[in-house]
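From first to last, the protein sequence lines stand for chains W and C.
Using our numbering, read the first sequence as starting at 40 and increasing by one per residue.
Using our numbering, read the second sequence as starting at 5 and increasing by one per residue.
Encoded as structure tokens, the structure appears first; notes follow it.
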Amino acid sequence: NAGVTQTPKFQVLKTGQSMTLQCAQDMNHEYMSWYRQDPGMGLRLIHYSVGAGITDQGEVPNGYNVSRSTTEDFPLRLLSAAPSQTSVYFCASAQGLSYEQYFGPGTRLTVT
Amino acid sequence: AQSVTQLDSQVPVFEEAPVELRCNYSSSVSVYLFWYVQYPNQGLQLLLKYLSGSTLVKGINGFEAEFNKSQTSFHLRKPSVHISDTAEYFCAVQSTSYGKLTFGQGTILTVHP
Numbered sequence: 040n041a042g043v044t045q046t047p048k049f050q051v052l053k054t055g056q057s058m059t060l061q062c063a064q065d066m067n068h069e070y071m072s073w074y075r076q077d078p079g080m081g082l083r084l085i086h087y088s089v090g091a092g093i094t095d096q097g098e099v100p101n102g103y104n105v106s107r108s109t110t111e112d113f114p115l116r117l118l119s120a121a122p123s124q125t126s127v128y129f130c131a132s133a134q135g136l137s138y139e140q141y142f143g144p145g146t147r148l149t150v151t
Numbered sequence: 005a006q007s008v009t010q011l012d013s014q015v016p017v018f019e020e021a022p023v024e025l026r027c028n029y030s031s032s033v034s035v036y037l038f039w040y041v042q043y044p045n046q047g048l049q050l051l052l053k054y055l056s057g058s059t060l061v062k063g064i065n066g067f068e069a070e071f072n073k074s075q076t077s078f079h080l081r082k083p084s085v086h087i088s089d090t091a092e093y094f095c096a097v098q099s100t101s102y103g104k105l106t107f108g109q110g111t112i113l114t115v116h117p
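Below is the structure:
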């Protein structure tokens, strides 16, 4: 089991560029989510999904899009990057609501 | 709506001393409670969770936490810390009826020799 994988590990973007952060899990988990981590602010939920074809907004969804076409993959799209999106992004998956969330290693994104 | 407040942003402690990391939460519905740990340059991993039943929950690496419903608290404790416990610790709350997990701001535990 690879668990939760994220690519890339590091990325530098210029303002206005777009990109997709990839997330995949091989545990057949229904629940997947994206967080951003900023110093002193903990982790904030961006978007989450409770199954293929079902997504919902979290606490800070603006500027990000998601889709869930398969159980395994949950990509996060930045349509037009802004410096405020400089952060570390974590993807997580879980078997269900009360279950442990398994986190990926993170993607460190810098927008200049 | 739900929120989590970790009362200490940094906690320095000497090796083999006891430690308590404080967490208060607010929610209008029933919740599950979690503590996660993040070692430098890594993702988060679960220390322990409270779903229901006994209010004293034991986790990995000798940590335990006590759920206090009247005080809406879920403090994390360890009777004797090691250098390897140096990390950032996050308290989190999740509604029992929908999927949003809300994290506190984090507490950096630094264990000195």
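The C-beta atom is built at its ideal place from N, Cα and C for all residues, glycine as well.
- Item | Cβ neighbours of W:T125 in the same chain (closer than 7 Å, five flanking residues each side left out) | Excluding positions up to five away in sequence, the list reads L148, T149, V150.
Check: Quick one: what does DSSP say W:G135 is sitting in, helix, strand or coil?
Finding: coil
- [ ] Could you have a look at W:D112 and say whether DSSP puts it in helix, strand or coil?
- [x] strand
- Name, please, each residue of chain C whose Cβ falls closer than 8 Å to the Cβ of W:E111. Ordered by position in chain C, no residue passes the 8 Å Cβ test against W:E111, which lies about 18 Å from the chain.
How about the segment 68-87 of chain C and the segment 129-147 of chain W: do they share at least three Cβ pairs that are nearer than 8 Å? The answer is no - the segment 129-147 of chain W does not touch the segment 68-87 of chain C, with fewer than three Cβ pairs under 8 Å.
Got a sec: is the Cβ-Cβ distance from C:L60 to anything in chain W below 8 Å? no
Q: Could you pull the start and end residues of the beta strand (DSSP E) that W:N104 belongs to?
A: If you look at W:N104, you'll find it in the beta strand (DSSP E) that goes 103-105.
* Counting contacts by CB-CB distance shorter than 8 Å, is C:Q75 in contact with chain W? -> By this cut-off, C:Q75 is not an interface position.
Q: Mark W:R116 as exposed unless 16 or more other C-beta atoms lie within 10 angstroms of its C-beta, in which case mark it buried.
A: exposed
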